[in-house]
Amino acid sequence: MKCLEKLVLTHINNTVPDTVDPLQFAYRPNRSVDDAVAVALHHTLQHLEGSRTYARMLFLDYSSAFNTIRPGKLIRKLTDLGVPTPTCNWILDFLTERPQVVRMGRQVSAELIISTGSPQGCCLSLKLFTLYTHDCVSTHDNTIIIKYAYDTTILGLIKGGDESGYRSVVNNILVYGEENDPILNTDKTKELTLDFRKNPPPLQPLFIRGTEVERADSYRFLGLQE
1 MKCLEKLVLT HINNTVPDTV DPLQFAYRPN RSVDDAVAVA LHHTLQHLEG SRTYARMLFL
61 DYSSAFNTIR PGKLIRKLTD LGVPTPTCNW ILDFLTERPQ VVRMGRQVSA ELIISTGSPQ
121 GCCLSLKLFT LYTHDCVSTH DNTIIIKYAY DTTILGLIKG GDESGYRSVV NNILVYGEEN
181 DPILNTDKTK ELTLDFRKNP PPLQPLFIRG TEVERADSYR FLGLQE
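Shown next, in the form of structure tokens:
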């Protein structure tokens, strides 16, 4: 099965153009965590060189991301990306009606049939998740969504105190989550503000589902402390 997965993965990579989801840096050739960090820093520092500017970075924490893939919705997205129907049918069969048991020592649980998510440990699962979320993109020029697998960062480049674009993108992400099922862990979602203005006014807090997002003085962004 591993060999067949690799063949399907190669076929998908050859079918889906590299231009799809350019700010997804995981499981892509010639891209890495360093590239994701470099892009975030480049846009932030370039923006902060202007007057009356600051940046807000929202680090979203998703729980069990791979387990939330809906096979039917994934297949529709793959079809839109040009993946051939036979390949889509194979992937649908691969993801649905999977028998699963839990073994602890000599004890084995009853069999459970799973038809959501993608099997952990499969080389194909990582690619399928990035394609499943390829349409999670920003709709505003002053707000960027940077992704490394399920690690998602919303970078709001704000000027003159106008946060409408940033807050709109955050709201769109929440709507996207409701439609595509990734589970957002609000308690672990953090926000970092970069503001070098003299005597800046207090910033309005950000709320997600009625809970105020905690502001952090520093954050470990993709393994690097900020």
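Just so we're aligned, residue 1 is where the sequence shown starts under the UniProt record's numbering, counting upward by one.
Built from N, CA and C at the ideal position, the CB exists for glycine as well.
query: Where do the N-terminal and C-terminal ends of the beta strand (DSSP E) with Y148 fall, by residue?
result: By one-based count along the sequence shown, residue 148 stands at place 148. Per DSSP, the unbroken beta strand (DSSP E) holding Y148 starts and ends at T143 to Y148.
task: Could I get the ranges of all uninterrupted alpha helix (DSSP H) runs contained in the segment 30–78, with 4 residues as the minimum, in chain order?
output: 33–48
query: At which residues does the beta strand (DSSP E) containing K127 begin and terminate?
result: The residue labelled residue 127 in the question sits at position 127 within the sequence shown. Segment C123 to Y132 is the alpha helix (DSSP H) holding K127; no beta strand (DSSP E) there.
query: With a CB to CB cut of under 7 Å and the five nearest residues on each side skipped, what residues in its chain are close to residue 239?
result: This structure does not reach residue 239, given that the chain is present from 1 up to 226, and the question cannot be answered.
message: I need the DSSP call for D181, collapsed to helix, strand or coil.
response: In the sequence shown, the residue the question calls residue 181 occupies position 181. In this structure, D181 counts as coil in the three-state DSSP scheme.
task: Please name the residue, chosen from G161, K73 and T130, that lies closest to N142 on a Cα-to-Cα basis.
output: Sequence index remark: in the sequence shown, residue 142 carries index 142 (1-based). Comparing Cα-Cα distances from N142 to each of G161, K73 and T130, the minimum goes to G161.
Other residues of its chain near D181: CB distance less than 7 Å, five sequence neighbours each side excluded: Here the question's residue 181 lines up with position 181 in the sequence shown. Contacts found: T68 and R70.
query: The beta strand (DSSP E) with K190 in it runs from where to where?
result: As a working note, residue 190 is residue 190 in the sequence shown. Note, K190: beta strand (DSSP E), K190 to L194.
field: Sufficient close CB pairs (3 or more, under 8 Å) joining the segment 13–29 to the segment 135–154
entry: yes
query: Can you find at least 3 beta carbon pairs, one from the segment 181–193 and one from the segment 210–222, that sit closer than 8 Å?
result: By the criterion of at least three beta-carbon pairs nearer than 8 Å, the segment 181–193 is in contact with the segment 210–222.
- request: Look at the alpha carbon of residue 230 and the alpha carbon of Y166, and state the distance between them as a whole number of angstroms.
  value: What the structure shows of the chain is the stretch from 1 to 226, and residue 230 is not part of that stretch, so it cannot be assessed.
Inter-stretch contact at 8 Å, needing at least 3 Cβ pairs: the segment 95–109 / the segment 28–47: With the rule of 3 Cβ pairs closer than 8 Å, the segment 95–109 does not count as touching the segment 28–47.
Minimum C-alpha distance to G210 - residue among E179, N171 and A38: Stepping through the sequence shown from its first residue, residue 210 is reached at position 210. With distances taken between CA atoms, G210 lies nearest to N171 out of E179, N171 and A38.
Among G72, K159 and S168, the one whose alpha carbon lies nearest that of R52: In the sequence shown, the residue the question calls residue 52 occupies position 52. Comparing Cα-Cα distances from R52 to each of G72, K159 and S168, the minimum goes to K159.
field: Cβ shell of C123 (< 8 Å), same chain only, five flanking positions each side left out
entry: The residue labelled residue 123 in the question sits at position 123 within the sequence shown. Excluding residues within five positions, the ones whose Cβ falls inside 8 Å are K2, E5, K6 and L9.
message: Does chain C have any CB closer than 7 Å to the CB of H140?
response: The structure shown contains no chain C, having only a single protein chain.
- prompt: Is the CB-CB distance between S118 and L128 below 7 Å?
  reply: Translated into the one-based positions of the sequence shown, residue 118 becomes position 118. Translated into the one-based positions of the sequence shown, residue 128 becomes position 128. Their beta carbons are under 7 Å apart, which means S118 touches L128 by this criterion.
field: Q120 versus A110, M104 and Q100, residue with shortest Cα-Cα distance
entry: Position 120 of the sequence shown, counted from the first residue, corresponds to residue 120. Taking only the C-alpha atoms, the option nearest Q120 is Q100.
message: Taking 8 Å as the limit between beta carbons, can you name the residues of its chain near V108, skipping five residues before and five after?
response: What you label residue 108 is simply residue 108 of the sequence shown in a count that begins at 1. V101 and V102.
- request: Could you name the residues of the same chain whose beta carbon sits closer than 6 Å to that of T152, not counting the 5 residues immediately before and after it, in chain order?
  value: Reading the sequence shown from its first residue, position 152 is the one you call residue 152. Answer for T152: L60, listed in chain order.
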